[in-house]
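The block underneath contains the structure these notes are about, expressed in structure tokens.
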Amino acid sequence: MPQQIIGPTSQHYFSHRLKLHYVDWGNEGAPPLLMIHGGYDHARNWDWMAQELRRDYHIIAPDLRGHGDSEWGLGGSYMLADFVYDIAQVLRHTGLKPVRIIGHSFGGFLSLLFAGTFPEMVHRLIAIDPFIHSPQQLQAQRDKPVAPQLIEWMDRLHHLSARQPRRYPTLGDALQRMRDENPHLSIDQARHLTIHGVNQNEDGSYSWKYDNYMRGMQPQLLSGPECMELWSRIACPVLFLRGGESKFSDPQSNGALDHFRDARAVNIPGAGHWVHHDKLAQVLDLTRGFLAD
Numbered sequence: 461m462p463q464q465i466i467g468p469t470s471q472h473y474f475s476h477r478l479k480l481h482y483v484d485w486g487n488e489g490a491p492p493l494l495m496i497h498g499g500y501d502h503a504r505n506w507d508w509m510a511q512e513l514r515r516d517y518h519i520i521a522p523d524l525r526g527h528g529d530s531e532w533g534l535g536g537s538y539m540l541a542d543f544v545y546d547i548a549q550v551l552r553h554t555g556l557k558p559v560r561i562i563g564h565s566f567g568g569f570l571s572l573l574f575a576g577t578f579p580e581m582v583h584r585l586i587a588i589d590p591f592i593h594s595p596q597q598l599q600a601q602r603d604k605p606v607a608p609q610l611i612e613w614m615d616r617l618h619h620l621s622a623r624q625p626r627r628y629p630t631l632g633d634a635l636q637r638m639r640d641e642n643p644h645l646s647i648d649q650a651r652h653l654t655i656h657g658v659n660q661n662e663d664g665s666y667s668w669k670y671d672n673y674m675r676g677m678q679p680q681l682l683s684g685p686e687c688m689e690l691w692s693r694i695a696c697p698v699l700f701l702r703g704g705e706s707k708f709s710d711p712q713s714n715g716a717l718d719h720f721r722d723a724r725a726v727n728i729p730g731a732g733h734w735v736h737h738d739k740l741a742q743v744l745d746l747t748r749g750f751l752a753d
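The sequence shown runs 461 to 753 under our numbering.
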């Protein structure tokens, strides 16, 4: 009989009085690897990579606050510093440090902020298509007047207060929405991501697990020149992976790499924003080589 592949265990920890969830792929004693998903996503987004890397690393993958099986932010308030604190807290909880980190999209952006805040805690870092603005854009963001930003944020929150989570009549309808978002996904990938990404409502319909108030994040520090300051503090090597079809800015050409001590970027043709789904074998090859150096 073929050997059964056992999945991760479900664990919880507390941060800022919130009960947050993470999955643990086991292999205690191996080098720790933290995998941080992107916005409106969940920890099981990493399953294909984790299956391949679990023999060499002790992998944990948290659900960010407001996502997956973690609690939502009290009052619907989300700030970048809260997420960075949550990352520090899960490492305190597990005792797994220093770590290697792989982060995707918003999770990649958070990984860079965390590594710049606690450079001694990160051994190597892979950021998969994080939204990295150019230094000029970051400076322009800081130069914007504060009052219009606050007004725009309050208007956005007011709009969100009337917004109800979208309900899909069937799981198949939610699955189709997943495939529309990333046409590169196979039907099996889309089904897996959908099953772990939705809750079934009392009326039998399905809704995504993430908190809609994530769309109303506050105007805050750590989003302008502070980013460049933290990037320059990162002591470990950094690898950026980006899909050639991604709409996000390329750190290799927008000047962002100049603010890192040791960073390089690789663009992967035929992949979109979810590079690790679209080109899994290529991402795994790059990941193994980089993390093992």
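All residues carry an ideal CB built from backbone N, CA and C; glycine is no exception. Model, not experiment: these values are computed from the prediction.
In the same chain as residue 658, and ignoring 5 residues on each side of it, the C-beta atoms closer than 8 Å to its own belong to 628, 631, 634, 666, 667, 668 and 669, in chain order. Between residue 617 and residue 531, the CB-CB gap reaches or exceeds 7 Å. According to DSSP, residue 581 shares a beta bridge with no other residue. Straight through space, the alpha carbons of residue 661 and residue 580 are spaced by roughly 44 Å.
In this structure, the CA atom of residue 612 is about 25 Å from the CA atom of residue 573. Between residue 503 and residue 523, the C-beta spacing is below 7 Å. Under DSSP, residue 470 forms a beta bridge with 483. Taking 4 residues as the shortest admissible run, the region 596-667 contains the following complete alpha helix (DSSP H) segments, listed from N- to C-terminal end: 606-621, 631-641 and 647-657. In summary, residue 649 is buried, with 16 or more beta-carbon neighbours lying within 10 Å of its beta-carbon over all protein chains present.
The beta carbons of residue 588 and residue 564 sit closer together than 7 Å.
Separation of residue 739 and residue 747 (C-alpha to C-alpha, rounded to the nearest whole angstrom) is 12 Å.
Residue state for residue 737 is assigned as helix, using DSSP reduced to three classes.
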